[in-house]
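Going left to right, the sequence shown walks through residues 37 to 1007 as my numbering numbers them. This report refers to the structure that appears directly beneath it.
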Amino acid sequence: MAEVHGFERSRVQDIPEIKTRAELYRHIKTGAELLSLTNDDENKVFGISFRTPPSDSTGLPHILEHSVLCGSRKYPAKEPFVELLKSSVQTFLNAMTYPDKTCYPVASQNIQDLYNLIDVYMDAVFYPRITPFIFQQEGWHLEPDDAGNRLTYKGVVFSEMKGVYSSPDSLIAEYSRRAVFPANTYGLDAGGDPRQIPTLTYEQFREFHRKYYHPSNARIFFYGDDDPQRRLSFVDSYLRDFERIEPESNITLQPLFDKPVRLVRKFAAGDERQGQKGMVTLNWLLGDTTDTQMNLSLHMLEYILLGMPGSPLRKALIDSKYGEDLAGQGLDAEIRQMYFSTGLKGIDPENADRIGELIFGTLGGLAKDGIDPLTIEAAVNSIEFALRENNTGSYPRGLGLMLRALTTWLYEGDPLALIAFEEPLERVKGVIAREKRFFEGLIERFLLQNPHRALVLLKPDLETAKEEEEAERARLKAVRESMTPSQLEEVGANAARLKEMQERPDPPEMLASIPSLKITDLDRYNKCIPVSFLREGEAEILYHDLFTSGIVYLDLGFNLRVLPQELLPYVPLFGRALLEMGTEEEDYVALTQRISRKTGGISPNIFSSAAKGADKSAAWLFLRAKSMLNQSEELLSILRDVLLKVRLDNRERFRQMVLEAKARMEQKLIPSGHQIVNMRLRSQFDESGWVAEQMKGVSQLFFLRDLAGRIDSGWPGVLADLERLRSLLLSGRNVLANVTLDEEGWRILEPDIRRFLGDLPASPVIVEQWSLERDAPFEGLTIPAHVNYVGKGVDLYGRGYRYHGSARVVTRYVRNAWLWDRVRVQGGAYGAFCMFDRLSGILTFVSYRDPNLERTLEVFDRTADFLENLEIREEELTKAVIGAIGDIDQYQLPDAKGYTSMAYHLSGETDQERQVMREQVFGTGLEDFRTFGRYLRQARDGGIVKILGSSKGIDEYASTRTGEMQVVKLL
Ligand SMILES: [Zn+2]
37 MAEVHGFERS
47 RVQDIPEIKT
57 RAELYRHIKT
67 GAELLSLTND
77 DENKVFGISF
87 RTPPSDSTGL
97 PHILEHSVLC
107 GSRKYPAKEP
117 FVELLKSSVQ
127 TFLNAMTYPD
137 KTCYPVASQN
147 IQDLYNLIDV
157 YMDAVFYPRI
167 TPFIFQQEGW
177 HLEPDDAGNR
187 LTYKGVVFSE
197 MKGVYSSPDS
207 LIAEYSRRAV
217 FPANTYGLDA
227 GGDPRQIPTL
237 TYEQFREFHR
247 KYYHPSNARI
257 FFYGDDDPQR
267 RLSFVDSYLR
277 DFERIEPESN
287 ITLQPLFDKP
297 VRLVRKFAAG
307 DERQGQKGMV
317 TLNWLLGDTT
327 DTQMNLSLHM
337 LEYILLGMPG
347 SPLRKALIDS
357 KYGEDLAGQG
367 LDAEIRQMYF
377 STGLKGIDPE
387 NADRIGELIF
397 GTLGGLAKDG
407 IDPLTIEAAV
417 NSIEFALREN
427 NTGSYPRGLG
437 LMLRALTTWL
447 YEGDPLALIA
457 FEEPLERVKG
467 VIAREKRFFE
477 GLIERFLLQN
487 PHRALVLLKP
497 DLETAKEEEE
507 AERARLKAVR
517 ESMTPSQLEE
527 VGANAARLKE
537 MQERPDPPEM
547 LASIPSLKIT
557 DLDRYNKCIP
567 VSFLREGEAE
577 ILYHDLFTSG
587 IVYLDLGFNL
597 RVLPQELLPY
607 VPLFGRALLE
617 MGTEEEDYVA
627 LTQRISRKTG
637 GISPNIFSSA
647 AKGADKSAAW
657 LFLRAKSMLN
667 QSEELLSILR
677 DVLLKVRLDN
687 RERFRQMVLE
697 AKARMEQKLI
707 PSGHQIVNMR
717 LRSQFDESGW
727 VAEQMKGVSQ
737 LFFLRDLAGR
747 IDSGWPGVLA
757 DLERLRSLLL
767 SGRNVLANVT
777 LDEEGWRILE
787 PDIRRFLGDL
797 PASPVIVEQW
807 SLERDAPFEG
817 LTIPAHVNYV
827 GKGVDLYGRG
837 YRYHGSARVV
847 TRYVRNAWLW
857 DRVRVQGGAY
867 GAFCMFDRLS
877 GILTFVSYRD
887 PNLERTLEVF
897 DRTADFLENL
907 EIREEELTKA
917 VIGAIGDIDQ
927 YQLPDAKGYT
937 SMAYHLSGET
947 DQERQVMREQ
957 VFGTGLEDFR
967 TFGRYLRQAR
977 DGGIVKILGS
987 SKGIDEYAST
997 RTGEMQVVKL
1007 L
């Protein structure tokens, strides 16, 4: 076999369904495998992944994932990763730890940038510095308080995982997987259990790197329109310095249970009212992930059982009234053995076994009586549509393919097995057509007759939060007491050295060695998205001529300005109600089935933004719909039905949706606390922020809780509100259609769209006035968590600041150079953001999974000083400009482009203004940082503070600020 740059090619295959040529190589000297996908996608992707099965729950793979990005042989700066974040035009730059693998992917549209990123990543994974200090910073270390009386644990992963373990949804997922795999690596937590993290030693950490971060244990991936030969020669330049080893990273199979198991665990609940609510899942071990046909079939079965609001298992669970929303993540096909997990949350724990029986009974009924053929058709169409569309949202398509390849490749299977989907898909469709009871047979075999299953009950407990805190304090006390005075002194000295090291800036020449683009590598002009503005009567049509592989993307919007403000909180539910309540002719089961059978999906979406040159903000409800062009008639007919014939009077169904929405909001509080805080901050300044918070923030949660009661006590009033909302909103004079499709398709579709818009009722529209309601300017929102989300917001336009494109460079620099160091590296938080809305002039700071409160607020307040006193070298400034241009040029798939162009239109921004902004970014100088700092300092004292976090910390803090801070209990 011919050798190419140290590799031999074992396979080559064209994959027409993704217009790609795939080549599989093996590195001759080390045995490293490389999958090279070549096509015309300019959003190029590289990734290197290692099999890293953990042997305990100390979070070793996760801490190592963080640490290798903190300096390496060629790039010894403190954090080359952050330098890349500052200066690259990357479209993806991150690293991820999974239960059995660690992945280091990067993506860029610029070839030079891509190879810069690859070089830093290759050096990082094979030659990291990983000193004891880095281990302590990213993993854990002890820190004495100022008086030296008490010790605490600090560390980035430690804080991150405390956040994870504060979320009952994360806990049930974690415990469910462990319950199915008690005997192999999947019974452990690769992310790290905060109680276990402090038992990890530096020696174990180093050894793990030596053992697993080796070419012989690596799977390397390339994707895109770059030169496939260069990929090989570049990778070989790293690999050829290694000798082959036998990596002992095989994942053993979990032996099968001979009888089911039942497990009970506790989580920290906040108060008595929420204290009633538990979660339960039923979990089954299924077949091997590498069995392609079974893998695809089980994905379809999952969709049949749970994928639609009217899916039989979902419906039985929700109709039972035992709980508020589903628990469990459905099918997991990302690890060596697939498993299936489903259940309910918001339950009375007493009902756990009854819920288990209900699941079994429902599955038994389906196996016996058969599955509705229309449900099967819906599942097959939806899975097939998703495979063909390959819409990975804001992630690069190549990254999605890399992760899909790894689900088989990691276990010595064929990496293309699921990427080349046409053949297995046809095979499965053939089997479905031939075998009359195919899915019923799967239910029988994998679920009903399968003794390898576990029922996991997660019970709320009011004492757990306190017990966990006390246990940690007792552990730390014991540690402290076991120490001699000199050992204790050493802990203090060590923490001081760590702090000193973190604060010492990297020498300029060290930073300069990290490869970066030049300004001249960048395009001077924004890429404009094509748009035509059309009309049909009073309806507005925006059309974008873009290639979409034969898919119609239609965003159908209704202007919310016609609603009185008391109806605004209903809007998210109303959007769902249109699609999930049924019509005069179809109940919701048949309607949602039809959506899945005939389209690629329809989902509600809310848009709100300040609008340039207008006294009112823009606020819209959209139905975002997609289908193949040949399904578009069906798509429009469904939309016509839901808009003209929706039935809103099904109280039981509406109650289910309200409870689901409430449970989902409550679940979001912990993982998305930074967004909740950001929204709450912005709601205090301008109308668009206030509208968003009414519909998506804490106010929405309060509204949902109240509404759940009103459905019982005053349903006629609720129904009247919904009907009023419908008659005000759904008018042909109040509508906008945003279509993304190529020209040939548009010629076919345009008359249909015009007819469709013309058929909507032409009821008159009147624009309403809204008046903002403000909450306390200093507010603490408490949840039973061990971490905080700390936010501060200021109004810069209110202080006379006029927008300038340099604000993009400045705020980005603040995030990456100031907040990263102070709040994350030194403060031990998982992250911190600084966001400036150029339309409203509101600047917000928010920290993420933060152990601190006051200290973080101080950092936010000192940002102005940081900027005003900043000295910045030319190269640093250039890097900051490049990074900001990278943000502007983010890669988007065609549906996202069409939506973005529409958003510009609704907020009144022109291409010309955006080009001016780009030029201002290029022209940013040191003076712009200082000017920004000056306005920030003026605005600082009029700023407002919102904190979401542990009640203990917030109550303590509030007691030091008597009378100033309003504390609100959320959970
Ligand atoms: Zn992490």
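Heads up, the beta-carbon is just placed ideally off N, CA and C, and yes, glycines get one too. What you are looking at is a predicted structure, and each value in this text was computed from that prediction instead of being measured.
Could you have a look at residue i and say whether DSSP puts it in helix, strand or coil?
{"i": "L766", "result": "coil"}
{"i": "A38", "result": "coil"}
{"i": "I166", "result": "coil"}
{"i": "D263", "result": "coil"}
{"i": "W320", "result": "strand"}
{"i": "G841", "result": "coil"}
{"i": "D722", "result": "coil"}
{"i": "I371", "result": "coil"}
{"i": "Y884", "result": "strand"}
{"i": "P385", "result": "helix"}
{"i": "F396", "result": "helix"}
{"i": "T328", "result": "helix"}
{"i": "Q629", "result": "helix"}
{"i": "E448", "result": "coil"}
{"i": "G1008", "result": "With the chain covering only 37 through 1007, there is no way to say anything about residue 1008."}
{"i": "I921", "result": "helix"}
{"i": "T237", "result": "coil"}
{"i": "H177", "result": "strand"}
{"i": "R186", "result": "coil"}
{"i": "R424", "result": "helix"}
What does DSSP give as the partner residue(s) for residue i in the beta ladder?
{"i": "I642", "result": "L657"}
{"i": "D30", "result": "There is simply no residue 30 to check, as the chain begins at 37 and stops at 1007 in what is shown."}
{"i": "S568", "result": "Y579"}
{"i": "V682", "result": "T619"}
{"i": "I819", "result": "S986"}
{"i": "N714", "result": "Bridge partners of N714: none, in fact."}
{"i": "A548", "result": "A548 pairs with nothing; no bridge assigned."}
{"i": "N1008", "result": "The shown model of the chain, from 37 to 1007, leaves out residue 1008, and the question about it has no answer."}
{"i": "M938", "result": "Partner(s): none; M938 has no beta bridge."}
From which residue to which residue does the alpha helix (DSSP H) around residue i run?
{"i": "W782", "result": "779 to 794"}
{"i": "W856", "result": "It is not in any alpha helix (DSSP H) - W856 carries neither H nor E in the DSSP assignment."}
{"i": "Y971", "result": "962 to 976"}
{"i": "Q1002", "result": "It is not in any alpha helix (DSSP H) - Q1002 instead sits in the beta strand (DSSP E) that spans 1002 to 1005."}
{"i": "A868", "result": "Note, A868: premise wrong, no alpha helix (DSSP H); beta strand (DSSP E) at 867 to 873."}
{"i": "F293", "result": "Where F293 is concerned, there is no enclosing alpha helix (DSSP H), given that its DSSP letter is neither H nor E."}
{"i": "P348", "result": "348 to 355"}
{"i": "L129", "result": "Counting along the chain, L129 falls outside any alpha helix (DSSP H), though it belongs to the beta strand (DSSP E) covering 126 to 129."}
{"i": "F278", "result": "That residue, F278, is in no alpha helix (DSSP H); it is neither H nor E in DSSP."}
{"i": "S807", "result": "Here S807 belongs to no alpha helix (DSSP H), and DSSP marks it neither H nor E."}
{"i": "R691", "result": "687 to 704"}
Roughly how far, in whole angstroms, is the beta-carbon of residue i from the beta-carbon of residue j, given that I think they are within contact range, below 8 Å?
{"i": "I64", "j": "A58", "result": "With 8 Å as the limit, I64 and A58 do not qualify as a contact, their Cβ atoms being about 20 Å apart."}
{"i": "L60", "j": "L71", "result": "6 Å"}
{"i": "W854", "j": "F902", "result": "5 Å"}
{"i": "M30", "j": "I383", "result": "Limits of the chain in this structure are 37 at one end and 1007 at the other, which puts residue 30 out of reach."}
{"i": "R633", "j": "I674", "result": "Actually they are not in contact, since the Cβ atoms of R633 and I674 sit about 10 Å apart, beyond 8 Å."}
{"i": "G979", "j": "Y825", "result": "Not quite, the Cβ-Cβ distance comes to about 16 Å (not below 8 Å), so this is no contact."}
{"i": "F643", "j": "A939", "result": "7 Å"}
{"i": "Q290", "j": "F217", "result": "5 Å"}
Counting along the chain, where does the beta strand (DSSP E) carrying residue i start and finish?
{"i": "F303", "result": "297 to 304"}
{"i": "G834", "result": "Counting along the chain, G834 falls outside any beta strand (DSSP E), and DSSP gives it neither H nor E."}
{"i": "S144", "result": "137 to 144"}
With a floor of 3 residues, list each beta strand (DSSP E) that falls wholly inside the region 44 to 113, ordered by position along the chain.
The region 44 to 113 contains these whole beta strand (DSSP E) runs: 56 to 63, 69 to 74, 80 to 87.
Beta strand (DSSP E) runs wholly inside the region 456 to 539, at least 3 long, in chain order
489 to 497
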